[in-house]
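Asks: There's a structure below that I have some questions on.
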Amino acid sequence: MTMELSYDRTLHGKEHRAGPFEITADMIAAVNASLGEQGAAFSSDADAKEQGFRGMIAPPTLCSIFVREVQLPDVGLDFGRTQMHAGQRVQPIAPIYAGDRLTASSHLKDVYAKTGRSGTMVFVVWETTFRNQDGDVVAEVQESFARRE
Amino acid sequence: MPYFEDIELGDQIGPVERIATDEGVARFCDVWSPPTPNRFTDAQTARESGMTGPIVPGIMAMAMMAQLLTDWAGPDAIRDLDVVFRQPIPHNRPLTLEATITDLRQENGQNLAECDILMLGAQGERHVGGKAVVSLPSRG
Numbered sequence: 019m020t021m022e023l024s025y026d027r028t029l030h031g032k033e034h035r036a037g038p039f040e041i042t043a044d045m046i047a048a049v050n051a052s053l054g055e056q057g058a059a060f061s062s063d064a065d066a067k068e069q070g071f072r073g074m075i076a077p078p079t080l081c082s083i084f085v086r087e088v089q090l091p092d093v094g095l096d097f098g099r100t101q102m103h104a105g106q107r108v109q110p111i112a113p114i115y116a117g118d119r120l121t122a123s124s125h126l127k128d129v130y131a132k133t134g135r136s137g138t139m140v141f142v143v144w145e146t147t148f149r150n151q152d153g154d155v156v157a158e159v160q161e162s163f164a165r166r167e
Numbered sequence: 262m263p264y265f266e267d268i269e270l271g272d273q274i275g276p277v278e279r280i281a282t283d284e285g286v287a288r289f290c291d292v293w294s295p296p297t298p299n300r301f302t303d304a305q306t307a308r309e310s311g312m313t314g315p316i317v318p319g320i321m322a323m324a325m326m327a328q329l330l331t332d333w334a335g336p337d338a339i340r341d342l343d344v345v346f347r348q349p350i351p352h353n354r355p356l357t358l359e360a361t362i363t364d365l366r367q368e369n370g371q372n373l374a375e376c377d378i379l380m381l382g383a384q385g386e387r388h389v390g391g392k393a394v395v396s397l398p399s400r401g
């Protein structure tokens, strides 16, 4: 039986935008330092060019840090009280270079319930498309938040 | 970097052992800028959220999983990385990251390897699970 969920369905189809966010070499270096990332293409223009890129690129999930900059509305979900970050999906489409300026556009992708051994959980999924300064889509990011009964 | 023709179903990527230190999480949060205080860097806030101590942000855990794949297949190899955060990840504990190839296919001119990915704790706790698709070069 499908559970009837109460939330603000008018949010479907609405885009929420933010940016631009400049991807700097310092930002990439800071993320690299936090992760112990030593990949050559993420470390310098020269090393990246040796691998066929036109310059230093960002690690593939870096754009995820900007999702929270999009002011997302409350979905008005009438279920549960505590919410947790349940999952994340990144689909890199093109390299993100140091110096790129990204914009983000987010929309409500899905709200659905799942019932398992620990009870029912409701998932709210937001999808964010990142474009660079040329308007090219560079990544799609989905964030899922779960609420328990 | 592996070639598509050299990979078989069931092949393993890793395991590699990693530790997300207090310092590493703090550095990541300096870039990410979550509201402060937060459960990622502040012990009291973490305890108020029901944790035993500060935890690793989900997007940092995802970045660690991505690193496993880019170290193996190249910096722009990932086509899809889809993870589920199953249990909070503590700081300063050994974490084992690994992946297993579950499908190999050629699609739209790309040689794709799909894999199950896992981040395990020292006691075998499944902190992060999920799937990834990477594009590999061909010998042809």
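These protein sequence lines are chains F and L, in that order.
Numbering-wise (our numbering), the first sequence opens with residue 19 and increments by one.
Numbering-wise (our numbering), the second sequence opens with residue 262 and increments by one.
Beta carbons are placed, not taken as given, at the ideal position from N, Cα and C, and that holds for glycine.
#1: Residues bridged to L/Arg300 by DSSP?
#2: According to DSSP, F/Ser24 sits in a beta bridge with which residue or residues?
#3: Can you list the residues of chain F that L/Met344 reaches, using a CB-CB cut of under 8 Å?
#4: Could you check if F/Gln106 is buried or exposed, using at least 16 other CB atoms within 10 Å of its CB as the buried criterion?
#5: Tell me which residues share the same chain as L/Arg279 and place their Cβ nearer than 7 Å to its Cβ, disregarding the 5 neighbours each side in the sequence.
#6: Strictly under 7 Å for the Cβ-Cβ distance: is L/Met380 near chain F by that measure?
#7: F/Met45 CB to nearest chain C CB: under 7 Å?
#8: Is L/Leu342 helix, strand or coil when you go by DSSP?
#9: Take F/Thr138 as the anchor and find which of F/Asp118, F/Pro113, F/Gly98, F/Thr147 has the nearest alpha-carbon.
#10: Out of F/Val108, F/Arg135, F/His34, which one is the CA nearest neighbour of F/Glu167?
#11: Could you check whether the segment 305 to 325 of chain L touches the segment 284 to 297 of chain L, counting it as contact only if at least three pairs of C-beta atoms, one from each stretch, sit closer than 8 Å?
#12: Starting from the Cα of L/Asp364, find the closest Cα among L/Val292, L/Val344, L/Asp272 and give me that residue.
#13: Starting from L/Ile280, follow the beta strand (DSSP E) in both directions and report where the run begins and ends.
#14: What's the C-alpha gap between F/Val93 and F/Gly54?
Replies: By the coordinates alone:
#1: Residue numbering aside, residue 300 of chain L sits at position 39 when the second sequence is read from its first letter. DSSP lists no partner for L/Arg300.
#2: As a first step, residue 24 of chain F is located in the first sequence; it is residue number 6 there, counting from the start. F/Ser24 pairs with nothing; no bridge assigned.
#3: The count along the second sequence starts at 1 and reaches residue 344 of chain L at position 83. It should be pointed out that residue 344 of chain L corresponds to Val in this sequence rather than to Met. Correct list: Gly105, Gln106, Arg107.
#4: Numbered from 1 along the first sequence, position 88 holds the residue referred to as residue 106 of chain F. Flag for F/Gln106 reads buried.
#5: Stepping through the second sequence from its first residue, residue 279 of chain L is reached at position 18. The answer, listed in chain order, is Met325, Leu356, Leu358.
#6: One-based indexing of the second sequence puts residue 380 of chain L at position 119. Not one chain F Cβ lies under 7 Å of L/Met380.
#7: Chain labels in this structure do not include chain C; the protein chains are F and L.
#8: Working through the second sequence from its first residue, we reach residue 342 of chain L at position 81. The answer is strand: DSSP assigns L/Leu342 an E or B state.
#9: As a first step, residue 138 of chain F is located in the first sequence; it is residue number 120 there, counting from the start. That would be F/Gly98, whose Cα lies nearest to the Cα of F/Thr138.
#10: The residue given as residue 167 of chain F occupies position 149 in the first sequence. If we check each option's Cα against that of F/Glu167, F/Arg135 comes out closest.
#11: yes
#12: The residue you call residue 364 of chain L lines up with position 103 of the second sequence. Considering only alpha carbons, the answer is L/Asp272.
#13: Within the second sequence, numbered from 1, the residue matching residue 280 of chain L stands at position 19. Residues 273 to 280.
#14: Sequence index remark: in the first sequence, residue 93 of chain F carries index 75 (1-based). Sequence index remark: in the first sequence, residue 54 of chain F carries index 36 (1-based). If I take the Cα positions, the gap works out to 37 Å.
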